[in-house]
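Written below as structure tokens is the structure these notes are about.
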Amino acid sequence: MTTKEKIALILNSALDSGNEADFISGEELAGRCNVSRAAVHKAVCALREQGFSVEAVTNKGYRLKGFPDRLDGSLIENLIAQKNPDTVRVFSFEEIDSTNLEAKRRTADKELHRVVFASERQTAGRGRMGRAFVSPANSGVYFSLVYRPVGGVKNPAFLTAAAAVAVSRAVKQLYDRECKIKWVNDVFLEGKKICGILTEGVANFETGTIDSAIVGIGINVRNSGFEGKLAEIAGSIEEIIAEEAEKKKDSPKNLPKVSRNQLVAAVVAELLEIYDSYFCGDRKAVKNVMDEYRNRSLLTGMDVFVNPVAGLEGQVYRAKVLDVTDEAELLVQTEDGTTKKLFSGEVSLKSENFAGQT
């Protein structure tokens, strides 16, 4: 790790402590990085050139006031390492067609594991069933984790559910806000969708197994620019929090300051912790994840419309959502009293949401 990266992490840790009044002296930074004061000054200048806002006050030292909004793979790796020491490789892009597609292109490398592809913008972002996922610049963050467990992927639905929990935990950690989850892959904040998840597998045709999972996550952070029906359904984290603050007449200074690098790192660290536990056979950890998923469920107890064949013109029927199983299946009761477990398909609170789907 370079001196610049070490200083960024130290200053970031001080900011995370919640006491922004605390500066860190140049002498302390030099000692902790085992470099000279001149090297500290040079590193701080380099951080400023990258877009970090670092305040310097004589006889006090330095403190971090703002982050660059550009994605930085090395910084994300170092932030993840603070919580999950196992090696993670992060590739960052300013623009790409789709992070899931890039992951698929790279999986020709059969050993690809614990690798993240993250971008500030996607030109061909995809949701479930090949639908478009709006991915504008200066708005959200879009990333895919490639995870290759020993023995292959057994339960893709759990991997998606775990990703929704990881996003919810990261939002709580960084923004102090609680999210809800709409089965199986959407995360909501204050009634608006802020995140979509698309899990895909890399098949091994020789063994008939799924060798790797590609878990794609798109999070709306700010400046969503959504219009029409999309604006009624979706929103961004910062816009939702700002609207909430305006209603409460809170000062903008009290709003959380979170970079996209921090958000990606927090989600990936949480997700890797869950996956590592799951594939090591830690059933208690898995149950805790699904208990949290159930507690965050947006649909439990509600009447919904079910399309059993997602993306196709299936026979839509009404049902009441009873629960979510430990295997991430949706447990519903139809109007004739029949109980069903859904491991695929789509559900909606409105029947017209399925109109015209092909």
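Going by the working numbering, the final residue of the sequence shown carries number 499, and the count climbs one at a time with no gaps. A virtual CB, placed ideally from N, CA and C, is assigned to each residue, including glycine.
According to DSSP, residues forming a beta bridge with residue i
i      : result
LYS321 : PHE329
ARG230 : VAL256
LYS461 : ASP444, GLN474
ASN361 : GLY281
ILE351 : ALA344
GLU433 : DSSP, once it has assigned bridges, lists no residue as partnering GLU433.
GLU190 : Paired residues: none, contrary to the question.
ALA375 : LYS334
ILE165 : TYR203
VAL356 : LEU286, THR340
Reduced DSSP secondary structure (H/G/I, E/B, other) of residue i
i      : result
LYS482 : strand
PHE274 : coil
PHE420 : helix
ASN241 : helix
SER309 : helix
PHE299 : helix
ARG204 : strand
ILE151 : helix
VAL294 : coil
GLN498 : Note that GLN498 has pLDDT 32, beneath the 50 cutoff, so the model's placement of it is unreliable and no number is given.
LYS334 : strand
GLY452 : Below a pLDDT of 50, predicted positions are generally treated as unreliable, and GLY452, at 49, falls in that range; no measurement from the model is reported.
LEU286 : strand
GLU385 : helix
ALA249 : coil
VAL198 : strand
LEU212 : coil
LEU413 : helix
GLU380 : helix
GLU487 : strand
VAL399 : coil
Assumed close pair residue i, residue j - CB separation to whole angstroms, cut-off 8 Å
i      : j      : result
ALA410 : ILE151 : Actually they are not in contact, since the Cβ atoms of ALA410 and ILE151 sit about 18 Å apart, beyond 8 Å.
ILE110 : VAL408 : Since the displayed the chain opens at 142 and closes at 499, residue 110 lies outside it and no answer follows.
GLU261 : GLU243 : Between GLU243 and GLU261 the Cβ distance is about 14 Å, and since that is not below 8 Å, they are no contact.
VAL405 : ILE165 : Rounded, the Cβ-Cβ distance is 25 Å, inconsistent with contact.
ASP467 : LYS428 : 6 Å
VAL343 : THR240 : With 8 Å as the limit, VAL343 and THR240 do not qualify as a contact, their Cβ atoms being about 14 Å apart.
VAL275 : LEU371 : 7 Å
LYS461 : GLU470 : Contact doesn't hold; Cβ gap of about 15 Å is too wide.
ARG318 : ILE382 : 7 Å
Among the options, nearest to residue i - alpha-carbon criterion
i      : options                        : result
GLY332 : VAL325, ASN326, LYS321, ALA311 : LYS321
PHE329 : ASP352, ALA305, THR350         : ALA305
GLY192 : ILE381, VAL405, SER400         : SER400
ARG281 : ASN225, ASP464, GLY376         : The displayed chain sequence assigns Gly, not Arg, to residue 281. Answer by Cα proximity: GLY376.
THR350 : ASP317, GLY369, LYS295, GLN456 : LYS295
VAL430 : LYS390, ALA298, SER154, LYS245 : ALA298
GLU190 : ARG173, SER177, ARG211         : ARG211
ASP403 : GLU368, ASN219, VAL488         : A quick correction: the sequence has Gln, not Asp, at residue 403. It is ASN219.
VAL488 : ASN364, ASN279, ASP444, VAL181 : ASP444
SER177 : SER194, GLY214, ASP163, THR144 : THR144
VAL231 : TYR283, LYS389, ALA303, TYR419 : TYR283
ASP352 : LEU315, SER365, GLY292         : GLY292
The ligand FAD heavy atom lying under 8 Å from the CB of residue i
i      : result
ALA249 : As presented, the structure is devoid of all ligands, the ligand FAD included, so that no description of it is given.
Determine contact between the segment 435-444 and the segment 243-257, defined as no fewer than three beta-carbon pairs at a distance below 8 Å.
Not touching, per the Cβ criterion.
For the structure I just gave you, are there three or more beta carbon pairs, one from the segment 354-362 and one from the segment 328-338, closer than 8 Å?
Contact holds: three or more Cβ-Cβ distances are below 8 Å.
Please determine if the segment 194-205 and the segment 167-178 are in contact, where contact requires at least 3 C-beta pairs separated by less than 8 Å.
Touching, yes.
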